[in-house]
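What follows is a short report on a single structure.
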Amino acid sequence: MAHRDPAPRSDRRPTAASRPHLRLGGLLLGLLALGLVFALGGVLGTGTIRGWIDPLGVAAPIAYVVLAAVLGAALVPGAVLATVAGLLFGPVGGALLALASAVASAVLARGFSARVGGDALEDVSGERLRQLTAFARRNGLLAVIVQRLLPAIPDGPLSHAFGLARIRTRDLALGTAIAGGPRALSYALLGSSADDLTGRDAIAGVLLNVTTGIAGLTLAWWVLRRERRRATAAAFEGALPGDADPGPR
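Residue 9 in UniProt numbering sits at position 9 of the sequence shown, with consecutive numbering throughout.
Right, dumping it as structure tokens:
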């Protein structure tokens with residue numbers, strides 16, 4: 001009697017990659033752990049990072065950009081990284097290097113989460129989250145600029161969120177370059193004035209940070225108002241008599 005191969009089973013257990021909830025949950029838990037370690041655990045402070053970069057001499061600027069990009073993607077607070085740049089390279093040089101590392105970090109974080117998360121966010125989203133994601137994609141560059149300007153909202157986690165939402169890399173990089181400059185300069189000014197926080201540079205850094213936050217809140221208000229008008233106009237057009245079903249005559 002000829003041997004017959006068993007019929008292929010259709011009840012194989014799906015891998016983690018095929019389960020959007022597991023894939024997205026694993027990514028979010030990993031990022032949450034990193035955020036707690038660096039933001040609350042005090043594992044990496046300005047002194048530690050400065051001690052790694054300072055002895056490198058002429059290679060220090062490049063080393064800073066590379067290291068800060070990786071650490072920023074790993075959710076080390078951007079304020080810490082920009083302050084180190086100010087301590088090492090002064091207010092102007094520090095701001096330029098902090099901005100370069102912020103752009104690189106945003107692109108790195110976006111690429112990582114987009115690759116690991118895949119379409120998981122789309123698969124598990126409800127209607128409201130889909131609308132929010134669509135809004136972010138529709139206003140990609142503007143959404144990044146607003147987020148970067150808003151006060152007290154860390155860039156690292158949002159860079160990963162932009163990756164999950166599939167915001168274009170170009171919009172993320174350009175938005176970070178446009179809006180990240182004032183914040184980078186403010187923290188670089190504070191870092192360069194660490195020995196005298198009542199000096200002119202330190203006060204300028206605080207004022208610039210406050211002004212940036214106000215600009216972010218104002219721009220966010222304008223964007224939301226414009227979006228509401230767009231939604232209202234779309235709803236009105238959909239409710240026009242000519243678009244409605246005339247019913248039986």
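Note that the Cβ used here is the ideal one computed from N, Cα and C, for glycine as well.
Which stretch, first to last residue, makes up the alpha helix (DSSP H) that contains residue i?
{"i": "residue 282", "result": "The structure shown has nothing for residue 282, since the chain only spans 1 to 249."}
{"i": "residue 267", "result": "It is not possible to answer for residue 267, since the shown part of the chain is limited to 1 through 249."}
{"i": "A109", "result": "78-117"}
{"i": "G45", "result": "No alpha helix (DSSP H) contains G45, which DSSP labels as neither H nor E."}
{"i": "P20", "result": "20-35"}
Considering Cα atoms alone, identify which of the options is closest to residue i.
{"i": "R137", "options": "V92, A109, T198, R170", "result": "R170"}
{"i": "G118", "options": "I153, H160, L224, R229", "result": "H160"}
{"i": "G140", "options": "Q131, F162, I62", "result": "F162"}
{"i": "A220", "options": "L99, A63, V76, A143", "result": "A143"}
{"i": "A59", "options": "L34, L97, G30, L31", "result": "L97"}
{"i": "T133", "options": "L164, P154, G156, F112", "result": "L164"}
{"i": "G216", "options": "L28, L150, G30, F236", "result": "L150"}
{"i": "I178", "options": "V116, D195, R166, A100", "result": "A100"}
When DSSP labels each residue in this structure, what does residue i get in the three-state scheme?
{"i": "I53", "result": "helix"}
{"i": "N139", "result": "coil"}
{"i": "G163", "result": "helix"}
{"i": "I178", "result": "helix"}
{"i": "A231", "result": "helix"}
{"i": "I203", "result": "helix"}
{"i": "V215", "result": "Residue identity check: residue 215 is Ala in the sequence provided, not Val. Of the three classes helix, strand and coil, the one that applies to A215 here is helix, per DSSP."}
{"i": "A120", "result": "helix"}
{"i": "A134", "result": "helix"}
Since residue i and residue j are thought to touch, with beta carbons under 8 angstroms apart, how far apart are those beta carbons, to the nearest angstrom?
{"i": "A120", "j": "L24", "result": "4 angstroms"}
{"i": "G111", "j": "R148", "result": "At roughly 18 angstroms, the Cβ-Cβ gap does not stay under 8 angstroms, so G111 and R148 are not in contact."}
{"i": "A114", "j": "R166", "result": "6 angstroms"}
Do the stretch 65-78 and the stretch 104-114 make contact, defined as three or more Cβ pairs closer than 8 angstroms? yes
Please determine if the stretch 79-97 and the stretch 182-193 are in contact, where contact requires at least 3 C-beta pairs separated by less than 8 angstroms. yes
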